[in-house]
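Shown next, in structure tokens, is the structure this report addresses.
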Amino acid sequence: MFSKHNAPKAEDPRLKAITEAIRVVPHFPKQGIMFQDITTLLLDHKVFKDTIDIFVDRYKDMGISIVAGVEARGFFFGPSIALAIGSKFVPLRKPRKLPGEVISEKYVLEYGSDCLEMHVGAVKPGDKAIVIDDLVATGGTLSAAISLLERGGAEVVECACVIGLSHFKDDCSVNGKPLYFLVEPRLQ
Amino acid sequence: MSAYRDEDEDPRLHGIKTKIRVVPHFPKSGIMFQDITTLLLDPKAFKDTIDLFVERYKGKNINVVAGIEARGFIFGPPIALAIGAKFVPLRKPKKLPGKVISQEYILEYGRDCLEMHVGAVEAGERALVVDDLIATGGTLCAAMDLLERVGAEVVECACVIELPELKGRERLNGKPLYVLVEYLEV
Chain Z
1 MFSKHNAPKA
11 EDPRLKAITE
21 AIRVVPHFPK
31 QGIMFQDITT
41 LLLDHKVFKD
51 TIDIFVDRYK
61 DMGISIVAGV
71 EARGFFFGPS
81 IALAIGSKFV
91 PLRKPRKLPG
101 EVISEKYVLE
111 YGSDCLEMHV
121 GAVKPGDKAI
131 VIDDLVATGG
141 TLSAAISLLE
151 RGGAEVVECA
161 CVIGLSHFKD
171 DCSVNGKPLY
181 FLVEPRLQ
Chain C
1 MSAYRDEDED
11 PRLHGIKTKI
21 RVVPHFPKSG
31 IMFQDITTLL
41 LDPKAFKDTI
51 DLFVERYKGK
61 NINVVAGIEA
71 RGFIFGPPIA
81 LAIGAKFVPL
91 RKPKKLPGKV
101 ISQEYILEYG
111 RDCLEMHVGA
121 VEAGERALVV
131 DDLIATGGTL
141 CAAMDLLERV
151 GAEVVECACV
161 IELPELKGRE
171 RLNGKPLYVL
181 VEYLEV
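In the order they appear, the protein sequences are chains Z and C.
If you read the first sequence in full-length UniProt numbering, its first letter stands for residue 1, the second for the next number, and so on.
If you read the second sequence in full-length UniProt numbering, its first letter stands for residue 1, the second for the next number, and so on.
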């Protein structure tokens, strides 16, 4: 069902506008990082809708019962996808935000570590899940997300991002799970 | 005992109300936290929630849906997409990468701050502010201030839940507020 090269066809005419709608902010949050700002994409209704439509077309017939979105920018995309394909939306959040009983997964950052949490009972064995975030860089956050869902008994079918760093082009996977993304980062 | 009160006879509201989970004493003792994550686990109830807002705002020439971090990011974008508006995230400090304007607001203890990207909203645009819940109204006021400072017209504030005992509605300076459910501690 999945090909090794998981990027959408380069000929999809919507992708050019999606790339152009992303703004690069140099040296944010620190020197040397060319930050890929998707808030400008959210300002363009047609492009935002096209972005959602591409994901919906991919996932709507795959029996996906869970769309898990990574706080906070995964929240921009995940709920609309979930609504369109009839799935539950599960927010994966930074520590101490979710009010009920949670499970936590630590993950490593370039400097230090962070933690992602999911409500106990949000997923159950038999659920088929996708993980949504705006961008995948090292894959650390997505790995933590995959762990949380699997610990809850779900099967993670794929991870989906708007932007994927180019080192993922040749091996479109995170922890053995397929990775799908629409565009590569803009240089400027 | 606690109760939700109807604003409206719409039959979808009952399903929405029953899906909101109350978590006692979070984040601190005495607060009955309104957890909407359980609503998001019910595709029909979540869709009904969005539909109720979309039905109200479609065709009203709304240009901007501004959502307050983070739970406003869950409801705002689907509404924006359905009514043909742009979505503007209003965020905690230092999250937005570009040039921002900031609005400070008072909390029960201390203060907080909301930011919006410069250029996201233009003068004359008609805007909604969306969040999951209105309590004291402090955050919504800060959101409205940001939008009005750039010359936008705030048409209405829209929340899933209101805590009427905290009188947030009165704090909105006459701006209309639309909510789906009210939570009352009886």
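No residue lacks a Cβ here, since even glycine has one placed at the ideal position from N, Cα and C.
Residue-chain proximity (residue i, chain Z), Cβ-Cβ < 8 Å
{"i": "T37 of chain C", "result": "yes"}
{"i": "G30 of chain C", "result": "no"}
{"i": "K175 of chain C", "result": "no"}
{"i": "F87 of chain C", "result": "yes"}
{"i": "K19 of chain C", "result": "no"}
{"i": "E69 of chain C", "result": "yes"}
Interface flag, residue i vs chain C, CB-CB below 8 Å
{"i": "T39 of chain Z", "result": "yes"}
{"i": "P91 of chain Z", "result": "yes"}
{"i": "P95 of chain Z", "result": "no"}
{"i": "F181 of chain Z", "result": "no"}
{"i": "I130 of chain Z", "result": "no"}
Counterpart residues of residue i in DSSP-defined beta bridges
{"i": "K177 of chain Z", "result": "Z:V174"}
{"i": "K97 of chain Z", "result": "Answer is none; K97 of chain Z lacks a bridge partner."}
{"i": "Y107 of chain Z", "result": "Z:D114"}
{"i": "G67 of chain C", "result": "C:P89 and C:V130"}
{"i": "M62 of chain Z", "result": "Its beta-bridge partners do not exist; DSSP assigns none."}
{"i": "D133 of chain Z", "result": "Z:C161"}
Residues near residue i in its chain [Cβ-Cβ closer than 8 Å; skip 5 each side]
{"i": "N61 of chain C", "result": "R126"}
{"i": "M144 of chain C", "result": "V129, V154, C157, L172, N173 and K175"}
{"i": "I50 of chain C", "result": "F75, P78, I79 and A82"}
{"i": "P29 of chain Z", "result": "F35"}
Coil, strand or helix - residue i by DSSP
{"i": "M32 of chain C", "result": "strand"}
{"i": "M144 of chain C", "result": "helix"}
{"i": "R73 of chain Z", "result": "coil"}
{"i": "L77 of chain C", "result": "Leu is not the amino acid found at residue 77 of chain C; the sequence shown has Pro there. Three-state DSSP puts P77 of chain C in a helix."}
{"i": "E11 of chain Z", "result": "coil"}
{"i": "Y105 of chain C", "result": "strand"}
{"i": "E55 of chain C", "result": "helix"}
{"i": "D37 of chain Z", "result": "strand"}
{"i": "H25 of chain C", "result": "coil"}
{"i": "residue 245 of chain C", "result": "No statement about residue 245 of chain C is possible, as the shown extent of chain C runs from 1 to 186 and does not include it."}
{"i": "V102 of chain Z", "result": "strand"}
{"i": "L180 of chain C", "result": "strand"}
{"i": "N173 of chain C", "result": "coil"}
{"i": "E122 of chain C", "result": "coil"}
{"i": "H117 of chain C", "result": "strand"}
{"i": "M1 of chain C", "result": "Because the pLDDT of M1 of chain C is 33, which lies under 50, any placement of that residue in the model is unreliable, and the number read from its coordinates should be weighed accordingly. If DSSP states are grouped into helix, strand and coil, M1 of chain C belongs with coil."}
{"i": "H45 of chain Z", "result": "helix"}
Cut-off 6 Å between Cβ atoms - residues of its own chain near residue i, not counting five sequence neighbours on either side
{"i": "R186 of chain Z", "result": "I22 and V24"}
{"i": "F75 of chain C", "result": "V130"}
{"i": "A84 of chain Z", "result": "V56"}
{"i": "G63 of chain Z", "result": "K128"}
{"i": "H5 of chain Z", "result": "At H5 of chain Z the pLDDT is 47, less than 50, meaning the model places this residue with poor confidence; the figure from the coordinates comes in the next sentence. Closer than 6 Å at the Cβ level, and outside the excluded window around H5 of chain Z, lies no residue."}
{"i": "V179 of chain C", "result": "C159 and E162"}
Sequence-distant residues of the same chain with beta carbon closer than 7 Å to residue i, five excluded per side
{"i": "M1 of chain Z", "result": "The predicted position of M1 of chain Z is uncertain, since its pLDDT is 32 and thus under 50; a value taken from the coordinates is nonetheless stated next. Excluding sequence neighbours, M1 of chain Z sits near nothing in its chain."}
- [ ] Take every Cβ of the region 13–21 of chain C, pair it with every Cβ of the region 30–38 of chain C, and state whether three or more of those distances are shorter than 8 Å.
- [x] yes
Task: Given 8 Å, three or more beta-carbon pairs between the region 68–80 of chain Z and the region 92–104 of chain Z - done: yes
Open item on the list: Does the structure place the region 39–54 of chain C close enough to the region 74–90 of chain Z that three or more beta carbon pairs sit under 8 Å?
Closed with: yes
Open item on the list: Does the region 63–70 of chain C come into contact with the region 108–123 of chain C, if we say contact requires no fewer than three beta-carbon pairs (one atom in each stretch) closer than 8 Å?
Closed with: yes
- [ ] State whether the region 131–151 of chain Z contacts the region 102–110 of chain Z, with contact taken as three or more CB pairs (one from each stretch) at a distance under 8 Å.
- [x] yes
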